[in-house]
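There are 2 protein chains.
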Amino acid sequence: MNQTDRIGRVLSPVVTPFNDKLEPDAGRLANHCRWLLANDVGLAVFGTNSEANSLSTGEKIGLLGALVDAGLPPERMMPGTGCCALPDSVELTRAAVGFGCMGVLMLPPFYYKNVSDDGLYRNYAEIIERVGDDRLRIYLYHIPPVAQVPVSLTLIERLLKDYPGIVAGIKDSSGDWNNTRAMLEQFQPHGFDVFAGSETFLLDTVRHGGAGCISATANVNPAAIADLARTWRDEGADEKQAALNAVRGAFEGYVMIPGLKAAIAHFGGDEDWIRVRPPLVSLTPAQRQQLIAGLEDKGFDMPGLQGA
Amino acid sequence: MNQTDRIGRVLSPVVTPFNDKLEPDAGRLANHCRWLLANDVGLAVFGTNSEANSLSTGEKIGLLGALVDAGLPPERMMPGTGCCALPDSVELTRAAVGFGCMGVLMLPPFYYKNVSDDGLYRNYAEIIERVGDDRLRIYLYHIPPVAQVPVSLTLIERLLKDYPGIVAGIKDSSGDWNNTRAMLEQFQPHGFDVFAGSETFLLDTVRHGGAGCISATANVNPAAIADLARTWRDEGADEKQAALNAVRGAFEGYVMIPGLKAAIAHFGGDEDWIRVRPPLVSLTPAQRQQLIAGLEDKGFDMPGLQGA
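Protein chains in written order, with my numbering: chain A, 4 to 311; chain B, 4 to 311.
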């Protein structure tokens, strides 16, 4: 059984709830994680859509411990652990491995721009060497629209050569299918698992041998996404993909993170979910109403969700 | 005496030395700070050129304490304290105020892109409220080429209105003189100190009523930059500006941070200075030789510098 078979083909960058002091709310996070798992979606906590970079390293380690203490299975977790500062990345990655997390999703350090592949290689290599644990499985995180620091094909090649097994895959959030396809062709055959960065590319990705997807909207539409990931070889797959795209389309025109939280607040009946940390802002009441109306028009629901 | 008169017109984002384990070297940092002060340059520790975002919050607080313990004057310090995560920005800013630092230089949270001015306002407002100390003086940090998250004129206007006195100025590293001039015209008359992000704009900035500059190359050429900031009304100022530009020009074509460290290593006779943290890489031996030759051709020196 390879890594992907263990963790599943669909993961969600789990949104992070905050209390009225804007502190992370571990109880609500655990509940949301349970609902995702019940819908066959794995836990990419501390992703972009988790506001991970708005959390301190200490907060992230605290939340991870709270999830494990709450009985959530670390073998279904792929926490984001790539920070700007090497010691933060090392500390968080070491904690994730210590908790038994299946893998970690690792951004490149993203403050300095136009850095060399040598510098990025050195970042990943230092983390791997300092963590120094054979259980470590790194999924690289390529998200140039946000990080503005890409993970190039040549960097992947070099890391895979020097750290086979440990460098286990990638999430490609470039939105550029040509790039995803190049990764699928060059690296997936060597056991390097390529996850699309959104379910929009799920069917294309698995048809080209890829692992699946790690997608923001898996926070709200997990069952249908996971279903397509299981049944993509069957008839009707293209129709299922079109249905996924329609739900995702309802979130277009809104900032994704407050949009996801507005949907969870509404369908889970828990107003506390709407909070975001700065620099994000919640949707306005009018935006929320419009978003929910658009979702309900499509017959969308989040069955079984209990927000609080 | 206003803030700028106290801290001086020229500050350096002090480069951070690392030991052979890539840990920050507080002793060498203190020595470099002493040399800068002896050349009339203030200490903008934890700036972009300090590799501040490659340091953890704990490392930064530790270094700040070590500098104060080593007798360096906090009233000449403007540490960078703006992080992606609100609790990090609050913790670091609170520490800086506690140590008696004259001000702090504050990046916006820089992971999420295309965020609203409302979200950025909320970030700064939350920090100010949570730190809750009248001694706090915030210098905003506008560096769109790196942070990719701008500090707009409308954001400044709103912050200045709601937090007069606390919002004390800005470093404009846009490299766009029209933007600097707009800030000088709109905000400097209200006691909001505009610092150019490089000495290239020093003379233009002070001639338009600005405070001075906070510049990478003040790490290596402090005396001449501080001299122009003092004597800009005198004859010969344009020639002095041209001479500053020539020295800065010698660093063009090299990545700035390893370039500065290579100069300090050479002119201070201390090879340990060349280290950088990932994702940066040191200059190659050939690059170092070429950089130093270019500087020596201009008769450049760093008198009084002792690296170790």
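Glycine included, every Cβ here is placed at the ideal spot set by N, Cα and C. Model, not experiment: these values are computed from the prediction.
Q. What is the rounded straight-line gap between the Cα of Gly61 of chain A and the Cα of Gly200 of chain B?
A. Cα atoms of Gly61 of chain A and Gly200 of chain B: separation of roughly 33 Å, rounded to the nearest angstrom.
Does the separation of the CB atoms of Leu108 of chain B and Lys63 of chain B fall below 9 Å?
Cβ distance not < 9 Å, so Leu108 of chain B and Lys63 of chain B don't count as in contact.
* To do: Could you name the residues of chain A that Lys116 of chain B contacts, counting a contact when the two beta carbons are closer than 8 Å?
  => In chain order, Pro148, Val149, Gln151 make up the part of chain A whose C-beta sits under 8 Å from the C-beta of Lys116 of chain B.
### As assigned by DSSP and simplified to three states, the class of Ile217 of chain A
Assignment of Ile217 of chain A by DSSP, reduced to helix, strand and coil, places it in the strand class.
Next on the checklist: Strictly under 9 Å for the Cβ-Cβ distance: is Val107 of chain A near chain B by that measure?
Outcome noted: By this cut-off, Val107 of chain A is not an interface position.
Cβ contact check for the stretch 25-38 of chain B and the stretch 126-140 of chain B: 3 or more pairs under 8 Å
Because the criterion of three Cβ pairs below 8 Å is not met, the stretch 25-38 of chain B and the stretch 126-140 of chain B do not touch.
- Count the C-beta pairs between the stretch 121-130 of chain A and the stretch 282-302 of chain B that are closer than 8 Å, then say yes if the count reaches three, no if not. Segments in contact, yes.
Do you know offhand how far Gly45 of chain B's Cα is from Ala221 of chain B's? Taking the straight line joining both Cα atoms gives about 9 Å.
For this session: Please check if any C-beta of chain A sits within less than 9 Å of the C-beta of Pro16 of chain B.
Result: For Pro16 of chain B, the answer is no, since every Cβ of chain A falls outside 9 Å of its Cβ.
message = Quick check on this structure: which residue in A:Ile146, A:Pro147, A:Gln151 has the alpha carbon closest to the alpha carbon of Pro148 of chain B?
response = Nearest of A:Ile146, A:Pro147, A:Gln151 to Pro148 of chain B, Cα basis: A:Gln151.
Distance check for Gly215 of chain B and Met305 of chain B, CA to CA, integer angstroms please. Here the C-alpha atom of Met305 of chain B lies approximately 22 Å from the C-alpha atom of Gly215 of chain B.
Q: Anything in chain A within Cβ reach of Leu139 of chain B, meaning under 7 Å, just list it in chain order.
A: Here the premise fails: no neighbours, minimum Cβ distance about 17 Å.
Rounded to the nearest angstrom, how far is the Cβ of Asn52 of chain B from that of Pro82 of chain B, given a contact under 8 Å? Between the beta-carbon of Asn52 of chain B and that of Pro82 of chain B there is about 13 Å, and that puts the pair past the 8 Å contact cut.
Next item on the list: Say whether chain A places a C-beta atom closer than 9 Å to the C-beta of Leu58 of chain B.
Entry: With 9 Å as the cut-off, Leu58 of chain B counts as an interface residue toward chain A.
Worksheet item: Does any residue of chain B bring its CB to less than 9 Å from the CB of Val284 of chain A?
Response: Yes - at least one Cβ of chain B is within 9 Å of the one on Val284 of chain A.
>> Alpha carbons only, please: which of A:Arg138, A:Ala88, A:Ala226 is nearest the one belonging to Glu78 of chain A?
In response: Closest by alpha carbon: A:Arg138.
task: Using only alpha-carbon positions, find the residue among A:Pro76, A:Lys301, A:Thr203 that is nearest to Met105 of chain A.
output: Nearest neighbour of Met105 of chain A by Cα position, chosen from A:Pro76, A:Lys301, A:Thr203, turns out to be A:Pro76.
**OP:** May I ask you to report which of helix, strand or coil DSSP gives Met4 of chain A?
**Re:** In this prediction, Met4 of chain A scores a pLDDT of 42, lower than 50, which makes its location untrustworthy; no coordinate-derived value is stated.
Check your understanding: Which chain B residues sit within Cβ distance under 9 Å of Pro111 of chain A?
Key -> Close to Pro111 of chain A, with beta-carbon spacing below 9 Å, are these residues of chain B in chain order: Pro282.
Within the same chain, show all residues whose beta-carbon is closer than 6 Å to that of Met4 of chain B, passing over the 5 residues directly before and after it, in chain order.
-> Note that Met4 of chain B scores 42 on pLDDT, short of 50, meaning its location in the model is unreliable and no value can be drawn from it.
Run through the DSSP bridge pairs and tell me what Tyr142 of chain B is partnered with. Its beta-bridge partners are B:Leu108, B:Gly172.
Hey, does Ala227 of chain B have any beta-carbon neighbour from chain A nearer than 9 Å?
Judged by the 9 Å Cβ criterion, Ala227 of chain B is not in contact with chain A.
Would you tell me roughly how many angstroms separate the C-alpha atoms of Thr183 of chain A and Leu162 of chain A, rounded to the nearest one? Approximately 18 Å between the Cα atoms of the pair.
Is there a Cβ from chain B that is less than 9 Å from the Cβ of Ser119 of chain A? Chain B places a beta carbon closer than 9 Å to that of Ser119 of chain A, counting this residue as a contact.
Environment of Ala265 of chain A [buried if 16+ CB atoms lie within 10 Å]
Around the beta carbon of Ala265 of chain A, 16 or more other beta carbons lie within 10 angstroms, which makes this residue buried.
Note to self: Could you check whether the Cβ of Met4 of chain A sits closer than 9 Å to any Cβ belonging to chain B?
What the structure shows: With a pLDDT of 42 at Met4 of chain A, under the threshold of 50, the modelled position of that residue is not reliable, and the figure given next carries that caveat. So no, Met4 of chain A is outside the interface.
### Message
Starting from Ala199 of chain A, trace the beta strand (DSSP E) in both directions and tell me its first and last residue.
### Response
Note, Ala199 of chain A: beta strand (DSSP E), 196-199.
task = Provide the residue span of the beta strand (DSSP E) that contains Ser15 of chain A, from first to last.
result = Ser15 of chain A -> beta strand (DSSP E) spans 13-15.
Practice item. Could you work out which residues of chain A lie near Arg125 of chain B, taking near to mean beta carbons separated by less than 8 Å? Key: Below the 8 Å Cβ cutoff, chain A contributes Pro281, Pro282, Val284 as neighbours of Arg125 of chain B, in chain order.
TODO: Using 10 angstroms around the beta-carbon of Arg210 of chain B, count the other beta-carbons present and answer buried if the total reaches 16, otherwise exposed.
DONE: Per the 10 Å Cβ criterion, exposed.
### Task
Go through its chain and collect everything with a Cβ distance to Leu95 of chain B's Cβ below 7 Å, but skip five positions before and after it.
Within the same chain, Thr60, Lys63, Ile64, Thr84, Cys86 come within 7 Å of Leu95 of chain B by CB-CB distance, once the 5 residues on both sides are set aside.
Considering only DSSP beta bridges, list what Met80 of chain B is partnered with.
In the DSSP assignment, Met80 of chain B forms a beta bridge with B:Leu46.
- Beta-carbon neighbours of Gly122 of chain B, restricted to chain A and to distances below 8 Å: By Cβ distance, chain A contributes Pro281, Pro282, Leu283, Val284.
Original post:
Within the 9 Å Cβ cut-off, does Ala69 of chain B reach chain A?
Top reply: Cβ-Cβ to chain A under 9 Å: no for Ala69 of chain B.
Of all the residues that make up the stretch 166-191 of chain B, which are near chain A by a beta-carbon distance shorter than 7 Å? Going along the stretch 166-191 of chain B in chain order, one finds no residue with a Cβ nearer than 7 Å to chain A.
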